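For reference, the structure is listed below as structure tokens.
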Amino acid sequence: MHLTSETVETLVEQFSKLPTVGRKTAQRLAAYVLKMPREDVVDLAKALVAVKDHVKACSVCFNVTDDDPCPICRSAKRDRSVICVVEEPNDVLALERTGEFRGLYHVLGGVISPLDGIGPDDLKIRELVARAAPRISDPAGVPAPAEGTVAEPAEPYEPVREVILAMNPNVEGDTTAYYIGQLLGPLGISVTRIARGLPIGGDLEYADEATLARALDGRAGL
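FYI, the working numbering numbers position 66 of the sequence shown as 516, with every residue one higher than the one before it.
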């Protein structure tokens with residue numbers, strides 16, 4: 451069923467293209483936009499266009515940024531000997547909110563997923579190897595980065611002593627972590643993965659077997 455206004459219908463269709471937004475939610479969003487002051491709608495439209503015009507991928511870590519390299523890669527306060535590897539830019543935001551990690555990041559742009567046709571060459575894995583071992587032209591048989599990509603780190607050189615893998619705990623994340631570990635391990639770089647287990651405030655009674663097993667494996671001393 452279509453709305454009486456073709457203009458509103460077009461807006462609903464555009465909202466419906468967003469992930470997790472169904473038609474009813476899109477209709478509610480459109481109704482809210484109709485009630486907004488015109489200047490607020492103009493600001494929203496400008497923000498949407500600005501995202502496409504000004505946001506780019508950092509040439510070092512591939513996180514989203516307005517300036518290249520990004521502020522994290524440029525910061526002299528970050529520990530440049532530790533790189534945390536994540537799937538998407540939103541993962542960087544989640545880790546930064548903790549205020550605990552002071553190293554650098556590397557955004558893969560996804561995970562290895564053969565069912566979806568995504569292989570290692572579709573991710574920023576060879577760029578990660580080039581950052582972690584910049585003095586090795588062809589580490590572990592990985593082809594050198596193509597012309598125009600970052601073969602030498604843009605940040606001041608400091609040997610990378612640890613690569614932290616912060617992929618999601620699922621089959622694709624495990625596969626990607628294993629693949630990267632096999633590449634970096636022989637290069638003498640410590641490869642670790644973030645711990646998995648029970649969340650703060652969680653109950654053992656409601657935890658699944660896999661989560662409990664991971665919690666036991668990752669137990670630490672008091």
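Think of the CB as a built atom: it goes at the ideal place given N, C-alpha and C, for glycine as much as any other residue.
Since this is a predicted model, take the numbers as computed values, not measurements.
CB of residue i within 8 Å of CB of residue j, strictly
{"i": "ALA627", "j": "ARG611", "result": "no"}
{"i": "ALA660", "j": "LEU648", "result": "no"}
{"i": "GLY559", "j": "LEU578", "result": "no"}
{"i": "ARG522", "j": "CYS534", "result": "Looking at the sequence itself, residue 522 is Ile, so the reference to Arg does not match. For ILE522 and CYS534, no; Cβs fall outside 8 Å."}
{"i": "VAL641", "j": "VAL621", "result": "no"}
{"i": "LEU545", "j": "PHE551", "result": "yes"}
{"i": "LEU554", "j": "VAL532", "result": "yes"}
{"i": "VAL492", "j": "VAL505", "result": "no"}
{"i": "GLU608", "j": "ARG530", "result": "yes"}
Opposing strand residues paired with residue i [DSSP bridges]
{"i": "VAL613", "result": "ILE533 and VAL641"}
{"i": "SER563", "result": "ILE568"}
Close beta carbons around residue i, own chain, < 6 Å, minus the five adjacent residues each side
{"i": "ARG646", "result": "PRO619 and ARG664"}
{"i": "ASP624", "result": "none"}
{"i": "VAL462", "result": "ALA476, GLN477 and ALA480"}
{"i": "PRO589", "result": "Confidence at PRO589 is low in this model, with a pLDDT of 44, below 50, so its placement is unreliable and the value that follows should be read with caution. Excluding sequence neighbours, PRO589 sits near VAL579, ALA583 and LEU637."}
{"i": "GLY668", "result": "ALA645 and GLY647"}
{"i": "GLY631", "result": "VAL641"}
Per-residue DSSP class, three states only, for residue i
{"i": "GLU608", "result": "coil"}
{"i": "ARG576", "result": "helix"}
{"i": "VAL471", "result": "coil"}
{"i": "ARG646", "result": "coil"}
{"i": "ASP658", "result": "coil"}
{"i": "GLY668", "result": "coil"}
{"i": "THR457", "result": "helix"}
{"i": "ALA476", "result": "helix"}
{"i": "LYS636", "result": "Note that residue 636 is Pro in the sequence shown, not Lys. In this structure, PRO636 counts as helix in the three-state DSSP scheme."}
{"i": "ALA582", "result": "helix"}
{"i": "GLY623", "result": "helix"}
{"i": "LEU653", "result": "At residue 653 the sequence reads Asp, which differs from the Leu that was named. ASP653 falls in the coil class under three-state DSSP."}
{"i": "SER587", "result": "Note that SER587 scores 43 on pLDDT, short of 50, meaning its location in the model is unreliable and no value can be drawn from it."}
Beta-carbon proximity list for residue i, same chain, < 7 Å, skipping 5 on both sides
{"i": "ASP541", "result": "ALA616"}
{"i": "PRO432", "result": "Because residue 432 is not part of the residues shown, which for the chain are 451 to 672, the question remains open."}
{"i": "GLU597", "result": "Confidence at GLU597 is low in this model, with a pLDDT of 48, below 50, so its placement is unreliable and no value can be given for it."}
{"i": "GLY591", "result": "Low local confidence applies: a pLDDT of 45 at GLY591 is under 50, so the model's placement there is unreliable, with the coordinate-based value given in what follows. If we look at GLY591 and ignore the five residues flanking it on each side, it has no Cβ neighbours."}
Chain-order list of residues whose beta-carbon lies under 8 Å from that of residue i (same chain, five-residue window excluded)
{"i": "VAL458", "result": "ALA480 and LEU484"}
In the region 494 to 561, which residue ranges form an unbroken beta strand (DSSP E) of at least 3 residues, counting only runs that do not cross its ends? 529 to 536 and 553 to 557
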